[in-house]
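Notes follow once the structure below has been shown.
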Amino acid sequence: MTTKPNYKNRVAAMAGAALLFATTGHLSAQSADALIDKLVSKGVLTVKEANDLREESDKNFTTALQTKNGMLDWVQALKFNGDVRARFESFNSDNTAFNARTRLRYRLRFGVVAQLTDSMEAGFRLTSSEPGGSFGGDPISGNTTFQNNADKKFIYLDQAYGKWSPLKGPSWIGSLTIGKMENPFVFSDMVFDGDYTPEGVAMNLGYVVNDQHSVKLNAGYFVLDELSGSTHDPSMVGAQLRWDAVWSPKLNTSIGGAYLAMCNENQITNGAVPNMNRGNTRVGATGMLAYRYTPFIVDASATYTLDKFPLFPGPFPIKVGGDFMYNNGAPGGGNDVNGRSVDNSAYSVGIQFGKSGKKGTWDLSYTWKSIGANAWWEEVTDSDFGAFYGLGNSPANSGSGSSAGYGAGTNVKGHVIKFTYSPFNSWMLSAKWFLTSLVNDYPAGANSSMSRVQVDANWKF
Numbered sequence: 007m008t009t010k011p012n013y014k015n016r017v018a019a020m021a022g023a024a025l026l027f028a029t030t031g032h033l034s035a036q037s038a039d040a041l042i043d044k045l046v047s048k049g050v051l052t053v054k055e056a057n058d059l060r061e062e063s064d065k066n067f068t069t070a071l072q073t074k075n076g077m078l079d080w081v082q083a084l085k086f087n088g089d090v091r092a093r094f095e096s097f098n099s100d101n102t103a104f105n106a107r108t109r110l111r112y113r114l115r116f117g118v119v120a121q122l123t124d125s126m127e128a129g130f131r132l133t134s135s136e137p138g139g140s141f142g143g144d145p146i147s148g149n150t151t152f153q154n155n156a157d158k159k160f161i162y163l164d165q166a167y168g169k170w171s172p173l174k175g176p177s178w179i180g181s182l183t184i185g186k187m188e189n190p191f192v193f194s195d196m197v198f199d200g201d202y203t204p205e206g207v208a209m210n211l212g213y214v215v216n217d218q219h220s221v222k223l224n225a226g227y228f229v230l231d232e233l234s235g236s237t238h239d240p241s242m243v244g245a246q247l248r249w250d251a252v253w254s255p256k257l258n259t260s261i262g263g264a265y266l267a268m269c270n271e272n273q274i275t276n277g278a279v280p281n282m283n284r285g286n287t288r289v290g291a292t293g294m295l296a297y298r299y300t301p302f303i304v305d306a307s308a309t310y311t312l313d314k315f316p317l318f319p320g321p322f323p324i325k326v327g328g329d330f331m332y333n334n335g336a337p338g339g340g341n342d343v344n345g346r347s348v349d350n351s352a353y354s355v356g357i358q359f360g361k362s363g364k365k366g367t368w369d370l371s372y373t374w375k376s377i378g379a380n381a382w383w384e385e386v387t388d389s390d391f392g393a394f395y396g397l398g399n400s401p402a403n404s405g406s407g408s409s410a411g412y413g414a415g416t417n418v419k420g421h422v423i424k425f426t427y428s429p430f431n432s433w434m435l436s437a438k439w440f441l442t443s444l445v446n447d448y449p450a451g452a453n454s455s456m457s458r459v460q461v462d463a464n465w466k467f
């Protein structure tokens, strides 16, 4: 018969564990948790006592860390994060005017987040990147190419922000962020490139209706450029409403609706900001945007989780979804001022099997995207989704950065297939294939097809 440990044994075990936490400065969090779990499994500690011990040890560790490192009393914790990605990629086209190419690239990101008292947070992140002309680093890419006899590479400020989170549940969750930040909106890369970190003010507000339903409101005001001789600075505002629902242990859905608007966009000429992408209709020698960009965006997805699937550890999610964007700031039909189709809408549909990220997991996805030339501002969309332009300075007035060759941005359609495998929690391997062409070919009727392949190895820390 199993007997319950007496009170004296329990007190002794708790005291011993607490002493071990207090006196062993080099004890790792993993080994400490393992010790507590062992005491629970043996019946020496209850689950509540174990949680209390963990909480007390965290407080003691924070106090000791503040004393040892001279941290201010209101700094509760420092968190470090980052990743290093190595990439091989190739470009090929059926058009014989295109010269096939390959290259090797890397991306480095390193960030620090300070958790402060009074629900405050401050953080920054550094990234690799290449210069965006005469500006800082490319705003929609952290990649750096292996070249120039191994010259020293650039490091840029990718994030620098302050955050206040006065609402932390259980029903209401809310935060206010100011600075250069992670994108507060939830969009696919049809709308924003994943590397884009806007500058401005953002609000995120959420309400948990019950265990099955929650709604979120995301809003932001972003500065696009600052004009020394005018108060009409180019900017962007937006709001997004989302509804997330769990219908059963196996089925969940997410639906979103948003409105974005660029203000004073006539001030954004080719030379005003980094001219990285192309596709929009522009006019004049300086390349002024011909239309306004005020799109409505809707998206929806559903995820069904199987109990198991061959060669996959644990439950296996299958996700289908899509999004649609319509820019009412550009004409809905006909030709633009340069005689080409306006194309003021965009959409994408896709499916994903599995989910990578943890050791032994993987995912396989397929997406079809079509982005009209004037569906959205070219300079914030996916920088990897492009095709072949057979003419320089196309579309017309696109600027010096738009020579004949590969060009990403809007005015592109095609397939994207991606496979990712996680051999370990910290390491991911992936292969991605883009098979694309232009919505409007340049010159008209030319073969604009492009095959772009990316093979990545990513280390997270």
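Number 244 in my numbering belongs to position 238 of the sequence shown; there are no gaps in the numbering.
C-beta atoms are modelled at their ideal positions from N, C-alpha and C, and glycine is treated no differently.
These numbers were taken from a predicted model, which means no experiment stands behind them.
Candidates the options, of which the one nearest residue i by Cα
i	options	result
Arg113	Leu132, Gln82, Thr292 and Val279	Leu132
Ile324	Arg111, Gln246, Tyr332 and Ser371	Ser371
Phe359	Gly345, Asn333, Leu41 and Pro316	Pro316
Asn98	Leu441, Thr300, Thr259 and Val192	Leu441
Gly139	Pro280, Asn286 and Phe302	Pro280
Asn464	Arg91, Ala264 and Leu41	Arg91
Ser254	Ala308, Gln246, Asn403 and Pro301	Ala308
Ala120	Ala166, Ala106, Thr102 and Arg107	Ala166
Phe191	Asn155, Ser147, Gln246 and Asn216	Gln246
Tyr265	Tyr227, Asn272 and Phe302	Phe302
Three-state secondary structure assigned by DSSP to residue i
i	result
Ser409	coil
Gly263	strand
Val418	strand
Asn446	coil
Ala245	strand
Gln273	helix
Val46	helix
Arg60	helix
Asn464	strand
Asn154	helix
Glu232	coil
Lys256	coil
Met282	coil
Ser455	coil
Leu25	At Leu25, the pLDDT of 47 sits below 50, so the modelled position is not reliable; the number obtained from the coordinates is stated separately. Leu25: helix per DSSP, three-state reduction.
Lys54	helix
Opposing strand residues paired with residue i [DSSP bridges]
i	result
Asn350	Looking at the DSSP assignment, Asn350 forms no beta bridge with any residue, so it has no partner.
Thr311	Pro323
Tyr213	Trp178 and Val221
Lys159	In DSSP, Lys159 forms no bridge with anything.
Glu481	Nothing can be reported for residue 481: it is not among the residues displayed for the chain, which extend from 7 to 467.
Tyr299	According to DSSP, which records beta bridges pairwise, Tyr299 is partnered with nothing at all.
Glu127	Gln121 and Lys169
Ser432	Ser432 is not bridged to any residue.
Met331	Ile303 and Ala352
Trp368	Tyr427
Ile474	In the structure as shown, the chain begins at 7 and stops at 467. Residue 474 is therefore absent and cannot be evaluated.
Residue-chain proximity (residue i, chain D), Cβ-Cβ < 8 Å
i	result
Val243	The question asks about chain D, but that chain is absent: this structure has only one protein chain.
Inter-residue Cα distance where the pair is residue i and residue j
i	j	result
Asn453	Gly142	34 Å
Ser194	Leu51	47 Å
Lys169	Lys48	43 Å
Ser457	Trp439	7 Å
Glu188	Thr203	5 Å
Ala393	Ser404	15 Å
Gly340	Val348	6 Å
Thr373	Lys424	9 Å
Met242	Val386	11 Å
Leu33	Lys159	At Leu33, the pLDDT of 44 sits below 50, so the modelled position is not reliable; the number obtained from the coordinates is stated separately. The alpha-carbon atoms of Leu33 and Lys159 are separated by roughly 37 Å.
Thr102	Phe94	23 Å
Glu205	Asn446	32 Å
Val197	Ser351	12 Å
Leu25	Lys85	Confidence at Leu25 is low in this model, with a pLDDT of 47, below 50, so its placement is unreliable and the value that follows should be read with caution. Distance between the alpha carbons of Leu25 and Lys85: 26 Å.
Gln460	Ser96	7 Å
Is it a yes or a no for the stretch 429–444 touching the stretch 79–88, going by three-plus beta-carbon pairs under 8 Å? As far as the Cβ criterion goes, the stretch 429–444 does not touch the stretch 79–88, which means the pair count is below three.
Any 3 or more C-beta pairs closer than 8 Å across the stretch 376–384 and the stretch 323–339: The stretch 376–384 vs the stretch 323–339: in contact.
Please confirm if the stretch 108–123 is in contact with the stretch 175–190, defined as three or more CB-CB distances below 8 Å between the two stretches. Taking 8 Å as the limit for Cβ pairs, the verdict is that the stretch 175–190 does not touch the stretch 108–123.
At least three beta-carbon pairs within less than 8 Å, the stretch 280–298 to the stretch 411–419: With the cut-off at 8 Å, the stretch 280–298 and the stretch 411–419 touch.
Using 8 Å as the cut-off, can you tell me whether the stretch 225–232 makes contact with the stretch 249–264, which would need three or more C-beta pairs spanning the two stretches below that distance? The stretch 225–232, when compared against the stretch 249–264, does not touch it at the 8 Å Cβ threshold.
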